[in-house]
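*Asks:* Per this note's numbering, residue 2 is the first one in the sequence shown, and the count goes up by one each step. Backbone N, C-alpha and C define an ideal beta-carbon position, used for all residues, glycine too. None of these values were measured; they are calculated from a predicted model.
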Amino acid sequence: MQSSGDKNDHGGLFSGTLTQLLAAVSGTLFAISDGMSYGWTAPIIPYFISENSHIQTTKQEAEWLETILMAGSFFSLPLTIYLVDRIGRRKSMLCAAMMSLLCWVVIAVANRMLYIFIARFLFGTASNMALVAAPMYVAEIADHKIRGFLSSIIYLMMLVGFVIVYSVAPFSPFYTVPVIGVVILLTDFCTFYFMPETPYYLVYKEQINEARQSLQFLRPGRYIEDELNDIIQAIARQKGEQGRLSDLLTVKSNRKATIIMFVLNGGQHMCAISVILMNLHLILEAGDSIYMSSEYVGIVFAVVMLVASQIASFQVDIFGRKLLLVVSTLVSGFCLMALAIYFHLKDAGYDVKSASWIPIASVMVYAAGFKIGLGIVPIVITAEIFSAKLKAVGMTIADGWYVLGSIISLQIYKWLSNAYGLETPFYLFAVCSFLITLFTIFYIPETKGKTLEEIQMILKGENDFEDRKNRQKYSTFVNEVSC
């Protein structure tokens, strides 16, 4: 059977997708706030341990600001699993936005570190909820021809948050960043409130008329009955399959999806992204560069990530997921290796002052290299590969593993750098990058241009799936010509 996506592929890549774009953009504005929260510690920890801080604290206490955010995200997993299936993707995203807004208010007025710790923990809870629900929402509303692009918007929004916090926090009063966060989240709530729930979720809840209305909004001017029937059939098939947690490992397609999810979501952090984002200023200061201050490098670093992600978001549906991942992991690996060698030579007593541009150049190229693939593709693929029955569980575990991977990588970095020198963790992270390159080449299937149902068939191991699909297209073409 020819997919509905094939029938509706008229015009260019973005033809007839304006309402999908509006829903995706309005629904992911929260990610700007998440990016601000995630990168907030890099410029703020130096402030907290300085004499100018309005809340006096120790370096050890300030460093807990990194971990407590991740702890909140990790321990909220059961709540996230419950909400995204119970109240839906859309309402979960709205709840997360309101919770994040309250957290920024608390941080802005806090006069004790305890209040900031509580707000950071709740930030983690809201972030977990949003970063599980939003990829599901986008994947379920999008045409397959632009699903990769729309899914990547989440990362683009997060990077806008990094640019804001790196640009504003070092040079403005403490309350400025929280105020910006509140404004962004109010905009998110007021715009996304009017967007529909996904047709997949509505069909899953047997609300067929509401699903039809959702499709009519998302596919204006199109005949949507064929696509609605495809969704109904896909959900019926996936509901017929067992939906136990153990099926993530016992069912072949789910097992492959789980392995891919674990490697990509954990691999992002074992390629040093959390370490660099949360410790960028300290790493650059350790490099003793004579060319640019760490504050300004941080701003350029965030801008480079944003530009690279914007470019990659358009390429992910053109060149595919695998090619971007391979290029990204190779570039990231070489940059991390360059950092490791530089710090190795510096710690060995060599005069590296004339080469102190290397840490700056390495993190800049790393920013671009990481974001063209590893920074976008994992969230795109993870939202595509789980069946409807296990999508909420799979996405929540993916987010939990992403958080746990961040905590693990940060602890590995602190332990190895303190015990063996700054070069040691970067050697390890470089090796991990190259291993993910091999995993991508030999294990991950290409999902570009596939419907969610087609991806499930590929994961089930139906190797002749593409051949059968092409034969069906050829038969349709012959029938049309003969008529």
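Check this for me: beta carbons of M130 and C104, under 9 Å apart or not?
*Replies:* Your numbering for residue 130 matches position 129 in the sequence shown. Your numbering for residue 104 matches position 103 in the sequence shown. It is not a contact, given that the beta carbons lie outside the stated cut-off.
*Asks:* To the nearest angstrom, how far is the alpha carbon of Q269 from that of Y39?
*Replies:* As a working mapping, residue 269 is identified with position 268 in the sequence shown. As a working mapping, residue 39 is identified with position 38 in the sequence shown. In a straight line, the C-alpha of Q269 is about 15 Å away from that of Y39.
*Asks:* Does the beta-carbon distance from M279 to F371 come in below 9 Å?
*Replies:* The residue labelled residue 279 in the question sits at position 278 within the sequence shown. The residue labelled residue 371 in the question sits at position 370 within the sequence shown. No, they are not a contact pair.
*Asks:* If you run the structure through DSSP and keep just helix, strand and coil, what is Y351?
*Replies:* Your numbering for residue 351 matches position 350 in the sequence shown. Residue state, collapsed to three classes: coil.
*Asks:* Touch check for the stretch 143 to 152 and the stretch 312 to 332: three-plus C-beta pairs under 8 Å?
*Replies:* yes
*Asks:* Can you name, in chain order, every residue of its own chain whose Cβ lies under 6 Å from the Cβ of A134, other than the five neighbours on each side?
*Replies:* For the purposes of this step, residue 134 is taken as residue 133 along the sequence shown, with counting starting at 1. So the list reads V85, R90, S93 and M94, once near-sequence residues are dropped.
*Asks:* Between the stretch 388 to 403 and the stretch 108 to 125, do at least 3 Cβ pairs fall closer than 8 Å?
*Replies:* no
*Asks:* Can you check which of these residues, G288, I56, T441 and L187, is closest to L375 by C-alpha distance?
*Replies:* The residue given as residue 375 occupies position 374 in the sequence shown. That would be T441, whose Cα lies nearest to the Cα of L375.
*Asks:* With three or more C-beta pairs closer than 8 Å as the rule, is the stretch 404 to 414 touching the stretch 256 to 273?
*Replies:* yes
*Asks:* Is the beta carbon of L219 sitting closer than 9 Å to the one on E211?
*Replies:* The sequence position of residue 219 within the sequence shown is 218, counting from 1. The sequence position of residue 211 within the sequence shown is 210, counting from 1. Result no, Cβ atoms of L219 and E211 do not sit closer than 9 Å.
*Asks:* Between the alpha carbons of T448 and V394, how many angstroms are there, rounded?
*Replies:* On the sequence shown, residue 448 is found 447 positions in, with the first residue counted as 1. On the sequence shown, residue 394 is found 393 positions in, with the first residue counted as 1. Approximately 21 Å between the Cα atoms of the pair.
*Asks:* Just checking my contact of A384 with P136 at CB under 8 Å: how many whole Å lie between their CB atoms?
*Replies:* For this step, residue 384 is matched to residue 383 along the sequence shown. For this step, residue 136 is matched to residue 135 along the sequence shown. Their Cβ separation, rounded to whole angstroms, is 4 Å, which keeps A384 and P136 in contact under 8 Å.
*Asks:* Rounded to the nearest angstrom, what separates G6 and V432 at their Cα positions?
*Replies:* Counted from its first residue, the sequence shown places residue 6 at position 5. Counted from its first residue, the sequence shown places residue 432 at position 431. Any answer about G6 is weak, because its pLDDT of 43 lies below 50 and its placement is not dependable; what the coordinates show is given next. The straight-line gap from Cα to Cα measures roughly 40 Å.
*Asks:* Helix, strand or coil for P446, going by three-state DSSP, please let me know.
*Replies:* Mapped onto the sequence shown, residue 446 falls at position 445. Coil.
*Asks:* To which residues of the same chain is L132 closer than 6 Å at the C-beta, ignoring the five residues directly before and after it?
*Replies:* The residue given as residue 132 occupies position 131 in the sequence shown. Result list for L132: D400, in chain order.
*Asks:* Decide if C191 is buried, meaning its Cβ has at least 16 other Cβ atoms within 10 Å, or exposed.
*Replies:* As a first step, residue 191 is located in the sequence shown; it is residue number 190 there, counting from the start. In summary, C191 is exposed, with fewer than 16 beta-carbon neighbours lying within 10 Å of its beta-carbon over all protein chains present.
*Asks:* Could you please give the first and the last residue of the uninterrupted alpha helix (DSSP H) stretch that includes T42?
*Replies:* If you number the sequence shown from 1, residue 42 lands on position 41. Looking at the DSSP string, the run of the alpha helix (DSSP H) that includes T42 is T42 to F49.
*Asks:* Can you give the Cα-Cα distance for Y475 and T259, rounded to whole angstroms?
*Replies:* For this step, residue 475 is matched to residue 474 along the sequence shown. For this step, residue 259 is matched to residue 258 along the sequence shown. A caution first: Y475 carries a pLDDT of 42, below 50, which makes its placement in the model unreliable, though a value can still be read off. Here the alpha carbon of Y475 sits roughly 34 Å from the alpha carbon of T259.
*Asks:* Could you tell me if Q457 is buried or exposed, where buried requires 16 or more neighbouring beta carbons within 10 angstroms of its beta carbon?
*Replies:* Residue 457 sits at position 456 when you count from the first residue of the sequence shown. Classification of Q457: buried, given that the 10 Å Cβ count is 16 or more.
*Asks:* Since P171 is in the alpha helix (DSSP H), which residue starts that stretch and which ends it?
*Replies:* Against the sequence shown, residue 171 aligns to sequence position 170. Unbroken run through P171: none, as it is neither H nor E.
*Asks:* Suppose the cutoff is 6 Å on Cβ atoms and the five residues either side in sequence are ignored; what does the same chain contact list for S34 look like?
*Replies:* On the sequence shown, position 33 is the one that residue 34 refers to. The residues are S101, G182, I185 and L186.
*Asks:* Which whole-angstrom value describes the C-beta separation of I165 and M37, a residue pair presumed to lie in contact below a C-beta threshold of 8 Å?
*Replies:* Within the sequence shown, the letter at position 164 stands for residue 165. Within the sequence shown, the letter at position 36 stands for residue 37. Yes, I165 and M37 are in contact; Cβ-Cβ is about 6 Å, under 8 Å.
*Asks:* Would you list, in sequence order, the uninterrupted alpha helix (DSSP H) runs of no fewer than 4 residues that lie entirely inside the stretch 357 to 419?
*Replies:* 358 to 372 and 378 to 386
*Asks:* Contact between the stretch 291 to 301 and the stretch 423 to 431 is defined here as three or more beta-carbon pairs at a separation below 8 Å; is this criterion met?
*Replies:* These segments do not touch.
*Asks:* Taking the alpha carbon of I155 as the reference point, which residue from L30, K323 and T18 has its own alpha carbon closest?
*Replies:* Counted from its first residue, the sequence shown places residue 155 at position 154. I155 has its Cα closest to that of L30, out of L30, K323 and T18.
*Asks:* Between the alpha carbons of A63 and V169, how many angstroms are there, rounded?
*Replies:* Translated into positions along the sequence shown, residue 63 becomes position 62. Translated into positions along the sequence shown, residue 169 becomes position 168. Using only the alpha carbons, I get a separation of about 19 Å.
*Asks:* Measure the alpha-carbon distance for S418 versus T425 and round it to whole angstroms.
*Replies:* The residue given as residue 418 occupies position 417 in the sequence shown. The residue given as residue 425 occupies position 424 in the sequence shown. So the alpha carbons of these two residues sit roughly 6 Å apart.
*Asks:* Taking K240 as the reference, give the member of L340, Y83, A389 and G321 with the closest Cα.
*Replies:* Start at 1 with the first residue of the sequence shown, and residue 240 comes out as number 239. It is A389.
*Asks:* CB-CB under 8 Å to K354, same chain, minus the five flanking residues each way: which ones, in chain order?
*Replies:* Indexing the sequence shown from 1 puts residue 354 at position 353. Closer than 8 Å at the Cβ level, and outside the excluded window around K354, lie D289 and I291.
*Asks:* Does DSSP put F344 in a helix, in a strand, or in coil?
*Replies:* As a position in the sequence shown, residue 344 is number 343, starting the count at 1. F344 falls in the helix class under three-state DSSP.
*Asks:* Cβ of L453 within 9 Å of Cβ of A237?
*Replies:* Taking the sequence shown and counting its residues from 1, the one referred to as residue 453 is at position 452. Taking the sequence shown and counting its residues from 1, the one referred to as residue 237 is at position 236. No, the Cβ-Cβ distance between L453 and A237 is not below 9 Å.
*Asks:* With 16 as the cutoff for other CB atoms within 10 Å, does D189 come out buried or exposed?
*Replies:* Working through the sequence shown from its first residue, we reach residue 189 at position 188. Result: buried.
*Asks:* Candidates F75, I69 and Y194: which alpha carbon is nearest S27's?
*Replies:* By 1-based counting over the sequence shown, the position of residue 27 is 26. Minimum Cα distance to S27 is reached at Y194.
*Asks:* Measure the CB-CB distance between Y48 and A109 and report whether it falls below 9 Å.
*Replies:* Position 47 of the sequence shown, counted from the start, is the residue given in the question as residue 48. Position 108 of the sequence shown, counted from the start, is the residue given in the question as residue 109. Their beta carbons are not under 9 Å apart, which means Y48 does not touch A109 by this criterion.
*Asks:* Under a three-way DSSP split, which group does H282 fall into?
*Replies:* For the purposes of this step, residue 282 is taken as the residue at position 281 of the sequence shown. In the structure shown, H282 sits in a helix (DSSP, three-state: H, G or I).
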